[in-house]
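Notes follow the structure.
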Amino acid sequence: MAGPIARLEGITYTYPGTDSPSLRSVDLEIGPGLTLVAGNSGGGKSTLLRLFDGLVPQFHGGRISGSATVAGLDPLRTAIPRLAQRVGLVFQDVETQSVYGVVEREIAFGLENVAMPRAEMHDRVDEILAELSVEHLRGRRLTTLSGGERQLVQLAAVLALRPELVALDEPTSQLDPEGAEAVLAACLGLARTGRAVVVAEHRLATLLPAADRLLRVEDGRVEEEALAGPSTVGPAPRAAPHPRSAGTATAWEMRGVAAGPAGRAGAAILEGVTLAGAPGEVVVLTGPNGSGKTTLLRTLAGLLAPLAGTVRRPEGRTAYLPQNPGALLHLPTVRAEVALTLRRTGHPGSPDAMLAAFGLAALGDRYPRDLSSGERQRAALAATLAGAPTLVLLDEPTRGMDTAARSSLVAAVEVLTAGGSAVVVATHDETLAAALADRTILLGKGRATEAAR
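Laid out in C-alpha cells, this is it:
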C-alpha cells in the first residue's frame, strides 16, 4: 500500500493577534485518493489546507508547534515556490490568486516558472482546458469571467502542474451542476494516478459518493468521520419561506436591456431583457456559469451602463454584494464596517444587532481579512444589508457559508422584504433558492426567461 503523501504530527497553530488556536494538536496522515473536509465556518478547514502548501505559517505568520511533511518536503520551512511545484492550492476567494489577465497565460504561469519547454507547455494547457471543458475561455480576459468560470480557470492552473497533493477550498461554491461535475471528474482523475486530493466543502452531495475519506474540522480539531450518516449525506433541509404578497407597484425595472462589458462593441452577454420586481419581492436568478447573472446584477446596480434599453431603480439605497466580499471590507474591525453603513444611511440601528443576526457577535472586534472565508462572507452581508436598503442585489451570497449561516441570511432577507425592500439574488444554491424565491428567472443563451411556478 502506498505511504502517506502528507503527515502532520502534533500541529497546533495560532494566527497573529489571536489567543485561540485555529488548529489544535492535529495528528493526520493523507494518502492517495479523495479526502473531503467538512465543518462549520471558522472551524479551521481553510487553515488546514493552507498548512499543506506552507502559507500557514510562512505567509500568515503566527505561532506553530509540531511537525509536518507534505510530498517529501517540510511545509513549515521549505520555500513556498518550491512547495508549489508539488502541492497545489485553489483558494476559495480565487480573485486573489490571479497573476495574468488572460486565461491561457494564467494557466501557463506555473508551467513557465518550472521552465517547461514551450511545446510541452502548450500541450499541457490544451489538455487541462479540455479536461475541465473550458476551451472556450482560452482567450478571455479574467475580468470578463463569472465567479464560477474563474474558479475553473484557477483549478486548471493548479492541475496543469500535476502536483502530488491538491487542496481545494470550496471549489464548487460558485459552480453550476456541469462545472461541479467537471471538478469531480478532475479530482477523481488525479486520485486514480496516485495523487492526494483534499477538498473542503459545505455542499457535499456531489463529492461524497466518490470520496475515500471524510474528515470533520471543528474548533481546530480534526476527526475522522464515517462516509455515511445523517450529518453528512445530502443537502441541508429546505426552509419554507414566509408567504409574501408582493403588491402591484414596481420597485425596479429593465426594459429591452442589452448588457455586457463596458466599452466593447458587440460584447453583449444579455439581449432584450425585460424584467421587473415589486417591493417586498425576492427574485432569484439561476443559470449556467457565464450566462450573465453577475452582468445583470451589475447593470441593475448601475455599475455597468446598459448597452441598450433602460434600467430603473427605486429611490433610496441600492445594496450590492459582489461575489468577492473582500472588495467591500477595508476597515479595522467587522463592527466598524457595519457602523459605517449605518452612519452613511442615517439609520438608527445598532451594529451589534446586525452582527448578532449573522452570528458574528464574538467577532465584532476582529480584522475582517483575518476571518475565515465563510465568516468574511457573513461580515460582508452584515455590512451590505444594514440600514434598510430599498433594493438588495446579492451575488452568490452563500459562498463558503454553512447551514446556520444560510439560515441567518434567509431570516435577514425576510426582515428586509417585510419592510418593503426588493431583493434580487443570483445563486447556484438550490436550498437558498427554494427558501427565498417568489419568482425564478432562468438565464441562458443571452436571454432571461421566467421559470414556471
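Count along the sequence shown from 1, then add 355; that gives the number in the numbering used here.
All C-beta atoms in this analysis are idealised placements derived from N, C-alpha and C, irrespective of residue type, glycine included.
From a predicted model like this one, the values you see are computed outputs, not experimental measurements.
Straight-line Cα distance separating residue j from residue i
| i | j | result |
| --- | --- | --- |
| A708 | E769 | 16 Å |
| A831 | M476 | Residue coverage of the chain in this structure runs from 356 to 808, which leaves residue 831 outside it and unanswerable. |
| Q447 | A806 | 30 Å |
| A788 | A361 | 39 Å |
| T772 | P634 | 7 Å |
| R496 | Y455 | 9 Å |
| D567 | C542 | 12 Å |
| M471 | T433 | 22 Å |
| A792 | V778 | 10 Å |
| V425 | L520 | 8 Å |
| Q529 | G502 | 6 Å |
| V445 | A741 | 32 Å |
| A760 | P661 | 34 Å |
| P518 | G443 | 6 Å |
| G465 | R473 | 13 Å |
Limits of the alpha helix (DSSP H) - the one that residue i falls within
| i | result |
| --- | --- |
| A788 | E785 to L791 |
| L736 | S728 to L740 |
| S380 | First-last for S380: L378 to I385, but that is the beta strand (DSSP E), not the alpha helix (DSSP H). |
| V552 | No alpha helix (DSSP H) holds V552; the beta strand (DSSP E) holding it covers A551 to A555. |
| R571 | Looking at the DSSP string, R571 is not in any alpha helix (DSSP H); the run it does join, the beta strand (DSSP E), is R568 to E573. |
| R547 | P532 to R547 |
| M476 | R473 to E486 |
Cβ distance (whole Å) where residue i is taken to contact residue j below 8 Å
| i | j | result |
| --- | --- | --- |
| E504 | G645 | 5 Å |
| I435 | Y368 | That pair is no contact at about 16 Å. |
| G755 | S396 | 7 Å |
| A522 | F407 | 5 Å |
| I483 | A515 | 5 Å |
| G642 | L798 | 3 Å |
Simplified DSSP state of residue i, which is helix, strand or coil
| i | result |
| --- | --- |
| T758 | helix |
| A773 | helix |
| G502 | helix |
| S420 | strand |
| T696 | helix |
| D720 | coil |
| E525 | coil |
| L497 | helix |
| V768 | helix |
| V489 | coil |
| A807 | coil |
| D750 | strand |
| L563 | helix |
| H712 | The question names His, but residue 712 in the sequence shown is Ala. Three-state DSSP puts A712 in a helix. |
| A512 | helix |
Start and end residues, beta strand (DSSP E) containing residue i
| i | result |
| --- | --- |
| V458 | It is not in any beta strand (DSSP E) - V458 instead sits in the alpha helix (DSSP H) that spans V458 to N468. |
| Y370 | It is not in any beta strand (DSSP E) - Y370 carries neither H nor E in the DSSP assignment. |
| E579 | R576 to E580 |
| G799 | R794 to G799 |
| T390 | G388 to A393 |
Those runs of the alpha helix (DSSP H) which lie wholly inside the stretch 619–689 and span at least 4 residues: 648–656
Sequence ranges, beta strand (DSSP E) only - wholly within the stretch 401–456, length at least 3: 418–425 and 442–445
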